[in-house]
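Heads up: the sequence lines are chains A, W and X, in that order. Position one of the first sequence corresponds to residue 1 (full-length UniProt numbering), numbered consecutively onward. Position one of the second sequence corresponds to residue 1 (full-length UniProt numbering), numbered consecutively onward. Position one of the third sequence corresponds to residue 1 (full-length UniProt numbering), numbered consecutively onward. Cβ coordinates follow ideal geometry from the N, Cα and C atoms, glycine included. The model shown is predicted, which means the values in this text are computed figures rather than measured ones. Below: the structure, in structure tokens.
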Amino acid sequence: MKISARNVFEGQVVAIKEGPVSAEVDIVLPTGETLVAAITEGSVHSLGLRPGLSVMAFVKAPLVLLVTDTAGWRFSARNQLAGTVSQVQRGAVNASVQVRLAGGAEISAIITHGAVDELALAPGLPVTALFKAGSVLLGVKDA
Amino acid sequence: MKISARNVFEGQVVAIKEGPVSAEVDIVLPTGETLVAAITEGSVHSLGLRPGLSVMAFVKAPLVLLVTDTAGWRFSARNQLAGTVSQVQRGAVNASVQVRLAGGAEISAIITHGAVDELALAPGLPVTALFKAGSVLLGVKDA
Amino acid sequence: MKISARNVFEGQVVAIKEGPVSAEVDIVLPTGETLVAAITEGSVHSLGLRPGLSVMAFVKAPLVLLVTDTAGWRFSARNQLAGTVSQVQRGAVNASVQVRLAGGAEISAIITHGAVDELALAPGLPVTALFKAGSVLLGVKDA
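In structure tokens, the structure reads:
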């Protein structure tokens, strides 16, 4: 399986909170971070999700926000991963920014050119990657 | 009405599953595919959605993922449309990829340059387009 | 705090509608517009959201749709802001479009090149910016 999403995380389901339409799935990564995915209740059943199951979590790079100087701030995004910028590649309108997380994983964000300048993003800068639970898509491989 | 979303599907509501905050709307297309939209419960009422109603479904191209070699895999995305790549247009950071679905409709995905290479996307390649129910926006024309 | 999202709105919480998993938060801006954010129920509590609290709302530009000639149409997006195009900046695949809202605020959308042409977007054109409640991320500064 090959997928266009630039962010692919392998992990294990640790908790599922179900509602009538939506569900929230907590996934722990081998590097220790926890991701939260909001998917439909129907998908919990069609994928057979349960604590302990191995899953892949996918997040498109344009859905990732980068934030700096966060002291004193809290954010609604259920996924908040701290790291340092490892690479910045600029295009005409957008730029692709790689962030290396504390545990060694990498996360990719596509943000505007203007944001790269405003945040002064450059290799080595500490940054937090934010993405909403609703931005996470899950995949399961049949046993 | 003209909209910036590259993916515009005309269809008919076939089912609505309502929760306290979120709702899930199933829409069947003339080409036979079913789309699922997750919208707020408030929008179900403000749009007067009901089975049988004609609606337009809009999906921004950056919210579409492409996946190949899916044998043995299942995904949480409620929208999974199989087709073949019909066109690839590359930019500096992103590329726009057109996929022709089995029923004849086209779907557009914006993915990174790197993903085009990794998936070896080229006209004729079989591919599945995935997008979350939450990525679908609905429009209704007054009678 | 500096954030990569091109759309940053300061406002005040006016209402919160809670469900078992999801919650909907209404935020009024100083310029009079109301924004709606869909976040997880868990985030309502971790941020301590309550009516009257000052919050920042963030929306990534690729999640904003632009629509023209909307007479007779209704949309499911909980956020629908009318304005006029103030600037169009084209890249290879995408373009960045600035819209000045009635109250004076600006909103930024990243859309495809093709959409700019199809909607004939140019400074002065009336346009409505649409984005889903699920596309809004909230931030709160500790008192």
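- Within the same chain, and ignoring the five residues on either side of W/V28 in sequence, the residues whose Cβ sits closer than 7 Å to its Cβ are G11, Q12, V14, T34.
- When 8 Å is used as the limit between beta carbons, W/R6 is near these residues of chain X: T112, G114, A115, in chain order.
- Measuring C-alpha to C-alpha distances from W/V136 to each of W/L66, W/R78, W/P51, W/G19 identifies W/R78 as the nearest.
- One Cα belongs to W/Q98, the other to W/L125, and the distance between them is close to 11 Å.
- Between the segment 80-94 of chain X and the segment 127-134 of chain X, the count of C-beta pairs closer than 8 Å reaches three or more; the two stretches touch.
- Close CB contacts of W/L63 within its chain, under the 6 Å cut and outside five residues either way in sequence, are with F131, S135 (chain order).
- For A/G114, no beta strand (DSSP E) run applies; the uninterrupted alpha helix (DSSP H) run containing it begins and ends at 113-118, by DSSP.
- Between A/V140 and the set A/V55, A/A115, A/A61, the nearest pair of CA atoms involves A/V55.
- X/V93 sits close to W/N94, with the two beta carbons spaced by under 8 Å.
- Using a CB distance cut-off of 8 Å, W/V67 counts as an interface residue toward chain A.
- About 6 Å separates the beta carbon of X/E24 from that of X/V36, a gap short enough to meet the 8 Å contact definition.
- For X/P30, the closest alpha carbon among the candidates X/L49, X/I107, X/F9 is that of X/F9.
- Contacts between A/N79 and chain W, judged by CB atoms closer than 9 Å, are missing: the closest CB pair is about 15 Å apart.
- By the beta-carbon neighbour count (other beta carbons within 10 angstroms, threshold 16), W/G32 is exposed.
- For X/G104, there is no enclosing alpha helix (DSSP H), as DSSP gives it neither H nor E.
- A/G42 has its alpha-carbon roughly 31 Å from the corresponding atom of W/S86.
- Listed in chain order, the positions of the UniProt domain "Mop" (2-68) of chain W with a beta carbon within less than 9 Å of a beta carbon of chain A are K17, E18, G19, P20, V21, S22, A23, E24, V36, A38, E41, P62, L63, V64, L65, L66, V67, T68.
- Distance from A/G91 to X/G48 at the Cβ level is roughly 39 Å; contact not present, criterion being Cβ atoms closer than 8 Å.
- A straight-line Cα-Cα distance of about 42 Å links X/A105 and W/A122.
- Under the 8 Å criterion on CB atoms, A/L121 is classed as non-interfacial with respect to chain W.
- A straight line joining the alpha-carbon of A/S22 with that of A/I39 spans about 6 Å.
- Taking the Cβ atoms as the reference, A/L138 lies roughly 24 Å from W/F58, outside the contact range of under 8 Å.
- In the structure shown, A/S43 falls within a helical segment according to DSSP collapsed to helix, strand and coil.
- Taking a Cβ-Cβ threshold of 8 Å, the residues of chain A close to X/Q89 are V93, in chain order.
- Within 8 Å of the CB of X/S76, no CB atom of chain A is found; the nearest one sits about 15 Å away.
- DSSP places W/G11 in the strand class (E or B) of the three-state scheme.
- Taking the Cα positions, W/S108 is about 23 Å away from X/T70.
- In this structure, DSSP gives W/G83 an extended state, which the three-state scheme calls strand.
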